[in-house]
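Residue numbers (the numbering used here): 250 to 630.
Beneath this line is the structure, given in structure tokens, with notes to follow.
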């Protein structure tokens, strides 16, 4: 089986991730703040926060909080920032993990301005600036589209939000681990990420960063294993990770982040860009192929295409059952961008790779698509 649906969950994982997860399960249970740490080493939570801070360019790494993933993080952030009733700006490229909490948790549909993107998924920073009003509290931006792979100019958008004195919240679910991120340098106030994609962690892990000094209230309360006599937080000294934490998951995530730091995220990005260029090139040579996005602009490890005359879901079925190749079809939980692409009815076939994708797998995929497209033409003749 060839997995070209890495944007959903990376598979396979580096061996160090599997080893770390297994080792954590074999050790005596250890929870954050509930003991002095693992008897065989330092606190894995602190180690993972430090490594994530190094990867994301965050000096205040202690302000990275763990969650079950990007959806959990987005809900925590939108509630915690107290955005209900306030005007926010977001983009047409966003995933439903951002759109749905904004439009449902805030219950202020009229106070959400959605800035359009072009057919490649590009959002002009100037358009974001024009959408900001005196009442705007925050801007939400998807760093890398999970449909077209378009990477937004976060540094430029950060200049806009800094000038306006509003918060910049970046969803890095698709970029964390495979595209360089410089949160402090770019002026990111809040960063949302998931662990099971390009960070090579397991499902059910992720987190978010909140810049020091930003008022932030947790949306869940419970046991933390420290200061148990305190029942309320009148002074605002909140705790953001209540309940039993996913220690094996954090151990695996830390191993994944360590692997990326050792490999070099710039090296990963370079390799993936070369492989994606080969995919764009190969699909572009197929007469029946319809490629979405400009390969000269879209630099993330994900792209979309269709085969003319074939429903995307049928194309994916043939690829999986006839060739052993897994891709993803549909709207990819990002319905608004498909309006800009003109694919809102059936969606697209999505291809995504990871740092462990092999060149031979890409060649087999392109060969399979060529055969499928040729078969459609023969059937028409």
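For every residue, glycine included, the Cβ atom is placed at its ideal position computed from N, Cα and C.
| request: Give the single residue among 520, 603, 254, 317 whose Cα lies nearest to the Cα of residue 457. | output: 317
| task | May I ask you to report which of helix, strand or coil DSSP gives residue 539? | result | Residue 539: strand per DSSP, three-state reduction.
| Same chain only: Cβ atoms within 6 angstroms of residue 289, ignoring 5 sequence neighbours per side | A caution first: residue 289 carries a pLDDT of 49, below 50, which makes its placement in the model unreliable, though a value can still be read off. Nothing listed; no residue qualifies.
| According to DSSP, which residues form a beta bridge with residue 442? | 456
| said: Can you give me the C-alpha to C-alpha distance between residue 592 and residue 307, rounded to a whole angstrom? | reply: 37 angstroms
| Nearest residue (CA-CA) to residue 351, options 618, 432, 331 | 331
| Residue environment, residue 324, which counts as buried when at least 16 other CB atoms sit within 10 Å | buried
| field | Option nearest residue 620 by Cα separation, candidates 595, 597, 568 | value | Measuring from the Cα of residue 620, the nearest candidate turns out to be 568.
| query | Pairing CB atoms from the region 469-489 with CB atoms from the region 259-270, are three or more of them under 8 angstroms? | reply | no
| message | Taking the alpha carbon of residue 339 as the reference point, which residue from 487, 315, 506, 365 has its own alpha carbon closest? | response | That would be 365, whose Cα lies nearest to the Cα of residue 339.
| Which residue or residues does DSSP assign as beta-bridge partners of residue 387? | The partner list for residue 387 (beta bridge, DSSP) reads 337, 416.
| request: Please state whether DSSP places residue 393 in a helix, a strand or coil. | output: Here residue 393 sits in strand by DSSP.
| request: Would you mind giving the Cβ-Cβ distance between residue 388 and residue 360, rounded to the nearest angstrom? I have them listed as a contact below 8 angstroms. | output: About 13 angstroms separates the two Cβ atoms, so there is no contact after all.
| message | Quick check: residue 314 and residue 489, are their CB atoms within less than 8 angstroms of each other? | response | yes
| said: What residue range does the beta strand (DSSP E) around residue 578 cover? | reply: 577-579
| task | Can you tell me which of the three DSSP states residue 284 falls into? | result | Legend: pLDDT at residue 284 = 49, less than 50; position of this residue unreliable, no value from coordinates given.
| query | Among the residues of its own chain, which have a CB less than 7 angstroms from the CB of residue 299, if the five just before and after it don't count? | reply | Here the set comprises 310.
| field | Counted within 10 angstroms of its Cβ, other Cβ atoms place residue 284 as buried (16 or more) or exposed | value | With a pLDDT of only 49 at residue 284, under the threshold of 50, the placement of this residue in the model should not be trusted, and no figure is reported.
| task | Report the three-state DSSP secondary structure of residue 289 (helix, strand or coil). | result | Low per-residue confidence applies at residue 289: pLDDT is 49, beneath 50, and the placement is therefore not dependable enough to give any value.
| Do the region 559-575 and the region 372-391 meet, that is, are 3 or more Cβ pairs less than 8 angstroms apart? | No, the region 559-575 does not touch the region 372-391.
| query | Touching or not, the region 499-516 and the region 406-420, by the rule of three or more beta carbon pairs under 8 angstroms? | reply | In short, these stretches do not touch, since the Cβ pair count stays below three.
| Opening and closing residue of the beta strand (DSSP E) in which residue 316 lies | 313-316
| Cutoff 6 angstroms; reference residue 399; Cβ partners in own chain excluding five residues on either side | 369, 370, 371, 547
| message | Across the region 423-430 and the region 265-276, are there enough close Cβ pairs to call them in contact, namely three or more that are closer than 8 angstroms? | response | These segments do not touch.
| message | Buried or exposed, going by whether 16 or more other CB atoms sit within 10 Å of the CB of residue 616? | response | Residue 616 should be labelled exposed.
| query | Any heavy atom of the ligand FMN closer than 7 angstroms to the CB of residue 363? | reply | Ligands are entirely absent from the displayed structure, and the ligand FMN is therefore not among its contents.
| query | In its own chain, which residues sit with a C-beta less than 6 angstroms from the C-beta of residue 450, not counting the 5 before and 5 after it? | reply | Counting only Cβ-Cβ distances below 6 angstroms, and skipping sequence neighbours, we find 444, 501, 502, 505.
| query | Considering residue 619, what are the terminal residues of the alpha helix (DSSP H) in which it resides? | reply | Counting along the chain, the alpha helix (DSSP H) containing residue 619 begins and ends at 608-629.
| request: Go to residue 552, then tell me how far its beta strand (DSSP E) extends in each direction, as first and last residue. | output: 551-556
| query | For residue 521, does the count of other Cβ atoms within 10 angstroms reach 16, so buried, or fall short, so exposed? | reply | Classification for residue 521: buried.
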